[in-house]
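Chain order of the listed sequences is G and D. So the first sequence is numbered by this note's numbering: it starts at 1002 and just counts up by one. So the second sequence is numbered by this note's numbering: it starts at 1002 and just counts up by one. All C-beta atoms in this analysis are idealised placements derived from N, C-alpha and C, irrespective of residue type, glycine included.
2 protein chains.
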Amino acid sequence: MEQTVILQLARQAKQATLDAANLTTQQKNAFLKKAAELLRENISSIVAENQKDLAAGKQKGLSSAMLDRLMLDDKRINEMAKALEEIIHLPDPVGDVVKEWARPNGLKVKRVRIPLGVILIIYESRPNVTVDAAALCFKSGNVVILRGGSEAYHSNQKLVNILKQSLQTQKLNPDMIQFVPTTDRESLYYLMTLASEIDLIIPRGGPSLMQMIREHAKIPVIRHDKGVCHLYVDGEADLAKAEKICINSKVQRPGVCNALETLLVDEKLKDSFLPKLLTKLQGLGVELRGDQEVQKVGKNIKPATDTDWDTEYLDLILSVKVVKGLEGALDHIHRYSSLHTEAIVTENKAKADRFIRELNSSAIMWNASTRFNDGGQLGLGAEIGISTTKLHAFGPMGLEELTTTKFVVIGEGQIRE
Amino acid sequence: MEQTVILQLARQAKQATLDAANLTTQQKNAFLKKAAELLRENISSIVAENQKDLAAGKQKGLSSAMLDRLMLDDKRINEMAKALEEIIHLPDPVGDVVKEWARPNGLKVKRVRIPLGVILIIYESRPNVTVDAAALCFKSGNVVILRGGSEAYHSNQKLVNILKQSLQTQKLNPDMIQFVPTTDRESLYYLMTLASEIDLIIPRGGPSLMQMIREHAKIPVIRHDKGVCHLYVDGEADLAKAEKICINSKVQRPGVCNALETLLVDEKLKDSFLPKLLTKLQGLGVELRGDQEVQKVGKNIKPATDTDWDTEYLDLILSVKVVKGLEGALDHIHRYSSLHTEAIVTENKAKADRFIRELNSSAIMWNASTRFNDGGQLGLGAEIGISTTKLHAFGPMGLEELTTTKFVVIGEGQIRE
């Protein structure tokens, strides 16, 4: 696609930021309500567009997992509509006074929440991201540019049309939600250089997307990167809790970034607790890869290579290692952490405190499942993803994390001496 | 310089982050106190190294302004030491619990401040940045990599040696403060790609430095970019305040980023207030560039070109424009703002509120000088600079802004259903 078309789109987005920043909460919620209605009214035409993507996907030989992510039906479209309605109930962060104080010279100073401006969301095959991301950006006063994957092109375009229709019926600026009408790589590379128009890129996707963005982006990026999440079962753990947490972290939904990938077990537990746990995991269909100690006490355990310790399986596979107590666990995690989620199970508070203090991943869990590192679960409301970038927002990003603050300074003629 | 040497330095920095994050406040303050002492004890040897830089600078034909920025003497070294002592009194942000809440399932959730990790500071000729930046990064638990300009190389190296000596006497890991022992461009380009080792780049410098970083950085950057600061004098202003604020904003220290660059005056004031103000400014040595209206009512006023509206003069030069009330002022600022500082002088609260609401620069001033957009003046304590990047920290960056937060989740065996 011509660069001028892409530039024009980005400029329209920037132009619309003033309108977006000045929307009232009522306007935002009316838009969300209408969009949910329109989604429900248009189920059959959404499904028809989605069928085009599915047919093309099958022809291209997409895996059944990918086709499943892509697929939209009654139930999923209703879930999208419901997600919009849930965002209505979240507080509007724009205009919040985060802090307020006075200076000795009488100046009043406030830090006030404002939108970031224009946010470019780059994502892969899930069409629900189109609706979720647009709604979260909208509610936080931002203009969104949506650039989905080629597999979901028809579905995404249809969904954006519905969102734009909701803008129209509310007599709002249609440029506040932008859709990139192409999925060619060159256009994306160019878009990622438009630093004067775009304030932030949020990519959601796999390693090759992340690498591509690292290479081409000239704009701030908040990465939603992989989670090689660790669970350390300490010698002083409550073993019933440990088993429950381990199984939940690995098995409840293995395909997501806060699922467990590496289990570390205190050597004190290697002959008692560990073999039983390994058997249970295998009974639940988990493939195990272990170090020598683990291979000794378990059956049918493949050797874990150095690559395993570094891998986000996103599948029913778990790497397992016996470590020398807390120290050994910390050493391993410091070496292989992806800064996503680390958990400890222990009844010893001093050990838990050290684990919490020394590890600076986005979420540290004590006696709780790794699966709780999630905006909804932690009480942030809906989330746009889980940031593994330390800057700006580390961990789950809700509406507040899609804003920044400005200083407002109110004087009575003060000057600097 | 060999890439392996640069990589080694960055890896040492990353290795040291654990030590830095776990320093006690007492250790940090003892280091700062000792460093201040050592600076005072070493004045003559610092001056001797600085003389080498000054001599080379003169030979290279640096401007007198640049030589002045570079120059260190008794007074300036004492000021550096005093700055270190002031940082002792600032609260340590690491470990602060920013927020704390409980979930319906009993999970306790906290957001706890943690250091960012490794911060690369890229700066130009002022050697005091070496000491200020190292101290602020240290107090906020970060490891710093200092990469100063070639003009100040000997001065910077000497100052870093003194800081490292203070680390040594306190028996602290010397790798927590890193100095890039070369100023060649290729090494810097390489350093800016080391995303696994470095968490953040903070550049402080002019447009060519900013451009170079935009082109080469593969790591998050918080830009401390130019301030094209605006002051709008409204028809309903208290004119005594307006005059005082305008003069202070432009003249008190014209070479800094929060100094006024463009004055916008309501057309209602163009025949009364404006001509007198123009004469006063000229009397203070300010060169004026104006639109046609301004040229009509003043004397010796050069025409302002489109470039002027976009220029950070950093000098006793001011561009002046007559605008159609608040609307005209907002239009101009929306078009030319650098997102740094905008000020309004008016007694009309509704107009001030609109100005504050519609402009999303890092600081918005009502009846106060633009010069107050400064960490010290706004009560943040010392600042590492003024961010014009909306992400993470917008406006003055103090110690808190050099940290991020992690989620700490404390359970009693909770799992996700």
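{"Asked": "According to DSSP, residues forming a beta bridge with H1231/G", "Found": "T1263/G and E1343/G"}
{"Asked": "N1157/D - DSSP class collapsed to helix/strand/coil", "Found": "helix"}
{"Asked": "DSSP state of I1411/D mapped onto helix, strand, coil", "Found": "strand"}
{"Asked": "Closer than 8 angstroms at the beta carbon, the chain G residues around N1374/D", "Found": "F1408 and V1410"}
{"Asked": "The stretch 1281-1293 of chain D contacting the stretch 1337-1357 of chain D, beta-carbon criterion three pairs below 8 angstroms", "Found": "no"}
{"Asked": "Cβ neighbour criterion (16 or more within 10 Å) applied to E1050/G", "Found": "buried"}
{"Asked": "Where N1030/G meets chain D, residues with beta-carbon distance less than 7 angstroms", "Found": "The contacting residues do not exist; N1030/G stays about 19 angstroms from chain D at best."}
{"Asked": "Touch test, the stretch 1122-1134 of chain D against the stretch 1197-1213 of chain D, Cβ-Cβ under 8 angstroms, three pairs minimum", "Found": "yes"}
{"Asked": "Minimum Cβ-Cβ distance from S1449/D to chain G less than 7 angstroms", "Found": "The shown model of chain D, from 1002 to 1418, leaves out residue 1449/D, and the question about it has no answer."}
{"Asked": "Assigned exposure category for E1152/G - 16 Cβ within 10 Å defines buried", "Found": "buried"}
{"Asked": "Length at least 4, wholly inside the stretch 1129-1188 of chain D: the alpha helix (DSSP H) runs in chain order", "Found": "1129-1140 and 1154-1170"}
{"Asked": "Chain C within 7 angstroms of M1366/D, Cβ atoms only", "Found": "Reference to chain C is not applicable here, since the protein chains of this structure are G and D."}
{"Asked": "C-alpha distance - S1156/D paired with D1054/D, whole-angstrom precision", "Found": "7 angstroms"}
{"Asked": "Ordered list of beta strand (DSSP E) runs contained in the stretch 1073-1131 of chain G, each at least 3 residues", "Found": "1098-1103, 1109-1116 and 1119-1124"}
{"Asked": "Of the residues T1005/D, L1392/D, E1086/D and D1267/D, the one placed nearest A1196/G, counting alpha carbons only", "Found": "L1392/D"}
{"Asked": "Partners in chain G for V1287/D, counting only beta-carbon separations shorter than 9 angstroms", "Found": "By Cβ distance, chain G contributes nothing, its closest Cβ being about 16 angstroms from V1287/D, past 9 angstroms."}
{"Asked": "Contact the stretch 1110-1120 of chain G vs the stretch 1004-1024 of chain D: 3+ CB pairs below 8 angstroms", "Found": "no"}
{"Asked": "Contact set for R1254/D: own chain, Cβ-Cβ below 8 angstroms, skip 5 residues either direction", "Found": "A1260 and R1372"}
{"Asked": "Continuous beta strand (DSSP E) stretch holding P1204/G: start and end", "Found": "L1201 to R1205"}
{"Asked": "Nearest-angstrom Cβ-Cβ length linking V1145/D and I1120/D, presumed shorter than 8 angstroms", "Found": "5 angstroms"}
{"Asked": "Neighbour flag for I1044/D against chain G, beta carbons, 7 angstroms", "Found": "no"}
{"Asked": "Closer than 7 angstroms to chain G by CB, T1308/D", "Found": "no"}
{"Asked": "Beta-ladder partner(s) of M1002/G, from DSSP", "Found": "Paired residues: none, contrary to the question."}
{"Asked": "Assumed close pair H1231/D, Y1190/D - CB separation to whole angstroms, cut-off 8 angstroms", "Found": "That pair is no contact at about 35 angstroms."}
{"Asked": "Strand pairing of V1321/D, partner residues [DSSP]", "Found": "L1264/D and G1291/D"}
{"Asked": "Closer than 7 angstroms to chain D by CB, L1319/G", "Found": "no"}
{"Asked": "Proximal residues, the stretch 1199-1229 of chain D versus chain G, C-beta separation under 7 angstroms", "Found": "D1200, L1201, R1215, K1219 and P1221"}
{"Asked": "From N1361/D, R1041/D, Q1378/D and S1188/D, residue whose alpha carbon lies closest to that of T1389/D", "Found": "N1361/D"}
{"Asked": "Buried/exposed call for R1148/G, threshold 16 Cβ in 10 Å", "Found": "buried"}
{"Asked": "Helix, strand or coil at I1044/G according to DSSP, with G and I counted as helix", "Found": "helix"}
{"Asked": "E1413/G at chain D interface by Cβ criterion, 7 angstroms", "Found": "yes"}
{"Asked": "Extent of the continuous beta strand (DSSP E) run through A1243/D", "Found": "Segment L1240 to V1252 is the alpha helix (DSSP H) holding A1243/D; no beta strand (DSSP E) there."}
{"Asked": "Contacts that L1019/G makes with chain D (C-beta to C-beta distance below 8 angstroms)", "Found": "H1335 and E1359"}
{"Asked": "Chain G within 7 angstroms of R1104/D, Cβ atoms only", "Found": "yes"}
{"Asked": "Secondary structure of G1382/G, DSSP reduced to three states", "Found": "coil"}
{"Asked": "Boundaries (first-last residue) of the beta strand (DSSP E) holding A1369/G", "Found": "A1364 to A1369"}
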